Amino acid sequence: MSEKVLVAYATRMGATATIAAAIGAELRRAGHEVEVHEVTDVKAVSEYGAVVVGSAIYFGRWRPEAVRFLRDHARELRSRPVWLFHSGPIGPGRDVPQTVPSDVDRLAAKIGARPVRTFSGNLQPDTAAGGRARRARVDTMVGDARDWPQIRTWADEIAAALS
Ligand SMILES: Cc1cc2nc3c(=O)[nH]c(=O)nc-3n(C[C@H](O)[C@H](O)[C@H](O)COP(=O)(O)O)c2cc1C
C-alpha cells in the first residue's frame, strides 16, 4: 500500500494545471493514491508521503504562490521525497530546459528536492492577448507545446521511485 501523493501547482492560464492533472492521473494509474491541488488550497503537507510541486514560469520567475508554498512548508517537505517541475517554454525554444530561479533553487536545496524538470508550455491567443503578453512580445509564440508522453514518462519515474 503506497502513501498518498500530493501534486500541487501554480498556474495563471491553466497549462500547468493540466500538466499537474496528467501527472496525478499517471501516478494513480500506477497504483498510488493522489490528490491534485492548487498550492493556495493546500494548508499542510503532513498527510502526504511524497509531494510534487509545479509552477508556470513568467519572466523567468515561478508564480509567487508556488515560491511561498515551498518556503512555508520547507521544514515538512524536507522530510519527504519532493519532485519539482516548471512549465513554460514555447515556440522554437520549447525543448530548452529553463534556468531555475535563484529563490526556487535555494529552497529546493533546503528541501532536498530532486532537480527541477522543465516541461514545455501552452500559450493561446485568447489568454495571451492581454497587455503583459503583448508588452513581453510573446504573442508571436502562440502554441501548445505540452508533451504529454514526456510528462507521463516523468510521472512513471516518480511512481517507480515511490514503489
Ligand atoms: C507574459 C509572459 C511571460 C512569459 N515568460 C516566460 C519565461 O520567462 N520563460 C518561459 O519558459 N515561459 C514563459 N512564458 C510562457 C508561459 O510560461 C507558458 O505559456 C505556460 O505554459 C503558462 O502556464 P500557465 O498556463 O499554467 O499559466 C511566458 C508567458 C507569458 C504570457
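Residue numbers (our numbering): 510 to 672.
Using N, Cα and C, we set each Cβ at its ideal position, and we do this for glycine too.
All values derive from a computational prediction rather than experimental measurement.
Do residue i and ligand 1 come close, with the Cβ less than 7 Å from some heavy atom?
i, result
"S611", "no"
"Q659", "no"
"F578", "no"
"G533", "no"
"R521", "yes"
"G652", "no"
"S596", "yes"
Please state if the CB of residue j and the CB of residue i are separated by a distance shorter than 8 Å.
i, j, result
"R521", "R572", "yes"
"R603", "S564", "no"
"S596", "A664", "no"
"G533", "V560", "no"
Pull up the CB-CB distance for residue i and residue j, whole angstroms please, since I reckon it's below 8 Å.
i, j, result
"V609", "A617", "7 Å"
"A668", "L536", "5 Å"
"A519", "A553", "Actually they do not touch by this definition, with Cβ atoms about 17 Å apart."
Any chance the segment 648-657 sits against the segment 539-557, with 3 or more Cβ pairs inside 8 Å?
no
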